[in-house]
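See below for the structure under consideration.
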Amino acid sequence: MKTKDLHIDFENSIGPWLGRTGKLVDYFFQESFNANDLDLTKEQMIVLKKLTFQDGLNQNELAFLTLRNKSSLTRLLKKMEKKNYIFRKQSKEDKRIKNVYLTDYGVEVYEKTKPVIQNLITTMEQNISQEEKQQIIQIFKQIQINFHSKLEHI
Numbered sequence: 192m193k194t195k196d197l198h199i200d201f202e203n204s205i206g207p208w209l210g211r212t213g214k215l216v217d218y219f220f221q222e223s224f225n226a227n228d229l230d231l232t233k234e235q236m237i238v239l240k241k242l243t244f245q246d247g248l249n250q251n252e253l254a255f256l257t258l259r260n261k262s263s264l265t266r267l268l269k270k271m272e273k274k275n276y277i278f279r280k281q282s283k284e285d286k287r288i289k290n291v292y293l294t295d296y297g298v299e300v301y302e303k304t305k306p307v308i309q310n311l312i313t314t315m316e317q318n319i320s321q322e323e324k325q326q327i328i329q330i331f332k333q334i335q336i337n338f339h340s341k342l343e344h345i
């Protein structure tokens, strides 16, 4: 079969719906942060959240946990340092490693995001039953497993 004869039904595949939904969620995150005078991006909030639970992570660990490559994480952290959300400190054991810590201001900003995020979650999950929510989570987990298994073969 030639590729021009191959019909792909994009609208009835998961990909476009997943992509559009992700973009919509990102848009509402940013709009909600802006509306609440939070000078923050979703990516910065994720870093603040990770550091809230494990302050002092090194940049490699943080890159892995946030699914970012090292150079994009470095750019993100530089912006966050300029905003006084975080600071980086060279490891005493290995001078090549920098650990990332929250500032008091970073903790304060993260605390201000909590009600905003809760409101977004409430909006997102409106009219979705607990059973449907669990099904969606299981489906997303399976999609991630499907892609992770492909990564192992690359």
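So the sequence shown is numbered by the numbering used here: it starts at 192 and just counts up by one.
Beta carbons are placed, not taken as given, at the ideal position from N, Cα and C, and that holds for glycine.
- The C-beta distance from Gly247 to Tyr292 rounds to 6 angstroms, short enough to fall under 8 angstroms.
- By the CB criterion at 7 angstroms, Thr243 and Tyr296 fall outside the cutoff.
- In terms of CA proximity to Glu272, Gln235 leads the group Ile334, Gln333, Gln235 and Thr212.
- Burial check for Thr314: the Cβ neighbour count within 10 Å stays below 16, so the residue is exposed.
- Put simply, the backbone Cα of Asn227 is about 8 angstroms away from that of Val307.
- In this structure, DSSP gives Asn249 an extended state, which the three-state scheme calls strand.
- Relative to the Cα of Lys280, the nearest Cα in the group Glu299, His339 and Asn290 belongs to Asn290.
- Beta-bridge annotation (DSSP): Ile277 is paired with Leu293.
- Burial is judged here by how many other beta carbons sit within 10 angstroms of a residue's own beta carbon; Phe224 has at least 16 and is buried.
- Listed in chain order, the beta strand (DSSP E) elements of length 3 or more contained wholly in the stretch 200-247 amount to none.
- Of the residues assessed, Phe220 falls on the buried side of the cut-off, its CB having 16 or more other CB atoms within 10 angstroms.
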